[in-house]
Structure formats: C-alpha cells, structure tokens
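Asks:
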Amino acid sequence: MKKKQDNSWSIVIRPKTGWFDIDLKEIWQYKDLIFMFLKRNFNSAYKQTILGPLWFLISPLMSTTMFTLIFGTIANISTDGVPQFLFYMCSNAAWGYFSTCLTSTASTFTGNAHLFGKVYFPRLVSPITSVIYGLLSFLIQMLLLAVSIVIFALRGQAVTPSIHILLVPVMLLQMALLGLGIGIIISSLTTKYRDLSILVGFGMQLWMYATPVVYPVSQVKSFAAGLERLVMLNPVAPIINNFRYAVLGCGSMDYGYWALSWAVTFVFLFFGILIFSRVERTFMDTV
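Note that this note's numbering has the sequence shown beginning at 189, numbered continuously upward.
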C-alpha cells in the first residue's frame with residue numbers, strides 16, 4: 189500500500205462484498221508472484237532427487253509403456269490402426285494435463301493455508317500457477333510424442349495428423365479451464381469436508397476409465413448400443429477423442445459433443461469462481 193503526494197492511496201485493500209468479486213486486473217498485477225510460485229513448485233518437486241528434471245521424460249515413457257503392455261498387448265484393445273505406443277502416449281499427454289490441473293487446484297486452500305494466513309495476494313494466483321506449471325510436463329510429453337511419430341514414420345508406420353491439429357491450443361485451453369473450475373470447487377468444499385481430498389485421487393482413476401483414454405470411442409460402439417452417447421456426455425471424452433484425431437488422425441472429430449463439453453466447462457468454471465470467491469473470505473476460520 190503506497191501513498192501518493194496528493195494524499196491519495198495507489199493501492200487499496202478492501203473486504204470482498206459480492207459473490208462474484210474477482211479482480212482480473214489485480215491478478216495480472218501479481219504476474220511476478222505467479223513466476224515465483226512456478227519456480228518454487230519446480231524446485232520443490234525435484235529437490236533431493238537423483239534424476240531431477242529427467243523425471244519429466246521418464247514418467248510419461250514408463251506410463252505409456254505400461255499402458256501399451258497391459259491394454260495393448262495383454263488386453264488387446266483396438267487403437268484404430270494407430271501404433272499402440274503412440275495411441276497411449278497421446279492419450280496420456282492429454283489426460284495427464286487435465287488430471288494435473290484438477291488435482292493440484294483441488295488442494296489450493298488446504299495446501300497453502302500457512303501462506304494465505306500470513307500475507308495478502310489474490311488467492312486465484314495459486315490455482316492459476318498450478319495450471320501453468322502443468323503445461324511444462326505436457327509440452328515435454330508432446331515433444332516426446334513428436335519424436336516418436338517421426339521414428340514410427342521412418343519405420344514405415346502410417347501416422348497422419350489431421351489439419352485439426354491447429355485446434356490443439358483450444359483443446360488445451362479447455363482442459364485447463366475445466367480442470368481449474370472443478371478443482372477450485374473441490375478446494376472450496378475441502379475447507380469444511382476433508383474427506384473430499386481423499387476421494388480426489390480415487391475419483392480421478394475411475395474418471396479416467398470412464399473416459400476413452402485407454403480405448404477408442406469405436407471400441408465403445410462395438411461393445412453396446414447407445415453406450416457411446418453416455419460416454420461422450422463425459423465432458424473430458426470429446427476433448428480426448430478430438431485431441432487424438434487432431435494429433436494422430438485416428439477416430440473422428442465430433443463437434444456436437446465438443447460444443448456440449450464447452451458448455452459444461454463454462455458452467456463449472458463460473459460456479460467454481462463463484463464458490464471460490466465466497467469461501468476465500470472465511471476459509472481461515474474453518475481450514
């Protein structure tokens with residue numbers, strides 16, 4: 189808080205009064221703090237580890253290999269003619285980013301209570317930092333995927349990305365907004381109901397299997413009539429399906445369910461910010 193020569197204050201901190209009292213301009217003014225949080229998260233994640241940032245490469249490679257072995261080789265699940273390794277690496281990259289956005293923002297209040305109680309800054313800075321931090325892992329996985337596509341292409345495997353690959357940034361934005369919206373709703377509720385924080389990890393595992401991550405939508409069609417519609421009502425399903433089509437050219441682009449998914453995304457984001465704005469005033473009394 190700084191006072192000008194004409195006795196007027198340049199910054200005024202006042203209590204929030206409305207349900208939707210979010211100052212986006214103020215959040216932008218704290219962009220340097222977001223950068224500091226990003227640096228803190230990176231350092232704390234790999235502090236006292238032997239391999240350090242190499243885990244950004246090792247983790248997706250290991251998970252993709254396990255998915256290929258279990259779901260591709262043992263379960264023999266179809267991948268719509270795309271090499272299994274590429275199919276699961278592409279799916280893991282998209283789902284992993286959404287999962288990171290949701291789970292990291294879900295612990296905003298409980299994980300930062302010690303900081304929130306000492307200094308003022310816009311509380312949305314913390315979940316926004318988590319969403320941006322997840323981009324680092326996603327971009328590294330996409331780089332690995334690009335290298336893998338080149339290797340498979342040189343070996344004669346037909347991989348044809350669609351022109352819709354230009355829409356990948358839009359899909360990425362939607363995953364971030366959807367994960368942020370649901371995550372801050374959970375974060376707001378966990379200030380009173382700590383059980384939710386325990387259920388998040390388990391719930392994300394169930395949600396992954398309810399989403400066409402380890403199987404294509406075509407596999408759902410052949411399993412039971414009408415089941416495809418139920419699966420595609422899952423707001424994450426159209427994003428994963430369209431993402432794979434854009435990057436690998438497998439499956440098809442579904443604009444109808446994607447539009448519905450965007451509507452659900454905005455609903456979750458709106459109510460998430462609404463509840464977050466309301467809870468942040470008194471959460472120190474209950475957390």
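All C-beta atoms in this analysis are idealised placements derived from N, C-alpha and C, irrespective of residue type, glycine included. Nothing here was measured: the structure is a model prediction, and the numbers come from that model.
1. Leaving out five residues before and five after E214 in sequence, what residues of the same chain have Cβ atoms less than 8 Å from its Cβ?
2. Using the rule of at least 16 other Cβ atoms within 10 Å of the residue's Cβ for burial, across every protein chain shown, is L333 buried or exposed?
3. Does any heavy atom of the ligand FMN sit closer than 7 Å to the C-beta of T267?
4. Assign F458 to buried or exposed, taking buried as 16 or more other Cβ atoms, counted over all protein chains shown, within 10 Å of its Cβ.
5. Flag this pair as yes or no: are the beta carbons of V401 and W283 separated by less than 8 Å?
6. With a threshold of 8 Å, are at least 3 pairs of Cβ atoms found where one atom belongs to the stretch 270–285 and the other to the stretch 250–257?
7. With a 10 Å radius around its C-beta and 16 neighbouring C-beta atoms as the bar for buried, classify T261 as buried or exposed.
8. Taking 8 Å as the threshold (C-beta atoms), are S375 and T296 in contact?
9. Would you check if the distance between the CB atom of V435 and the CB atom of V338 is smaller than 8 Å?
10. Tell me which same chain residues have a C-beta within less than 8 Å of the C-beta of T399, skipping the five on either side of it?
11. What alpha helix (DSSP H) runs, 4 residues minimum, are completely inside the stretch 388–420?
12. Rounded to the nearest angstrom, what separates R228 and Q407 at their Cα positions?
13. For I265, collect the residues of the same chain with a Cβ closer than 6 Å to its Cβ; drop the 5 residues on either side in sequence, then sort them by chain order.
14. Tell me which residue opens and which closes the alpha helix (DSSP H) that P248 is part of.
15. Going straight from the alpha carbon of S232 to that of L324, what length do you get?
16. What residue does the alpha helix (DSSP H) around S350 start on, and which one ends it?
Replies: Answer, in terms of the structure:
1. On the sequence shown, position 26 is the one that residue 214 refers to. For E214, where only same-chain residues beyond five positions count, the Cβ hits under 8 Å are P310.
2. Here residue 333 corresponds to residue number 145 of the sequence shown, with the count starting at 1. L333 is buried by the Cβ-count criterion.
3. In terms of ligand content, the structure shown is empty, and the ligand FMN therefore cannot be addressed.
4. Position 270 of the sequence shown, counting from 1, holds the residue named residue 458. It is exposed - the Cβ of F458 has fewer than 16 other Cβ atoms within 10 Å.
5. Numbered from 1 along the sequence shown, position 213 holds the residue referred to as residue 401. Numbered from 1 along the sequence shown, position 95 holds the residue referred to as residue 283. Closer than 8 Å, so yes.
6. yes
7. In the sequence shown, counting from the first residue as 1, residue 261 sits at position 73. It counts as exposed.
8. The sequence position of residue 296 within the sequence shown is 108, counting from 1. The sequence position of residue 375 within the sequence shown is 187, counting from 1. Result yes, Cβ atoms of T296 and S375 sit closer than 8 Å.
9. For the purposes of this step, residue 435 is taken as the residue at position 247 of the sequence shown. For the purposes of this step, residue 338 is taken as the residue at position 150 of the sequence shown. In this structure, V338 does not lie closer than 8 Å to V435 by Cβ.
10. Translated into the one-based positions of the sequence shown, residue 399 becomes position 211. Excluding sequence neighbours, T399 sits near W283, V419, N422, V424, A425, I428.
11. 405–411, 415–420
12. For the purposes of this step, residue 228 is identified with residue 40 of the sequence shown, where counting begins at 1. For the purposes of this step, residue 407 is identified with residue 219 of the sequence shown, where counting begins at 1. Going by the C-alpha atoms only, they are around 43 Å apart.
13. Numbered from its first residue, the sequence shown carries residue 265 at position 77. Result list for I265: F259, Y403, in chain order.
14. Taking the first residue of the sequence shown as 1, we reach residue 248 at position 60. Residues 243–255.
15. Here the question's residue 232 lines up with position 44 in the sequence shown. Here the question's residue 324 lines up with position 136 in the sequence shown. Whole-angstrom Cα-Cα distance: 15 Å.
16. What you label residue 350 is simply residue 162 of the sequence shown in a count that begins at 1. Where S350 is concerned, there is no enclosing alpha helix (DSSP H), given that its DSSP letter is neither H nor E.
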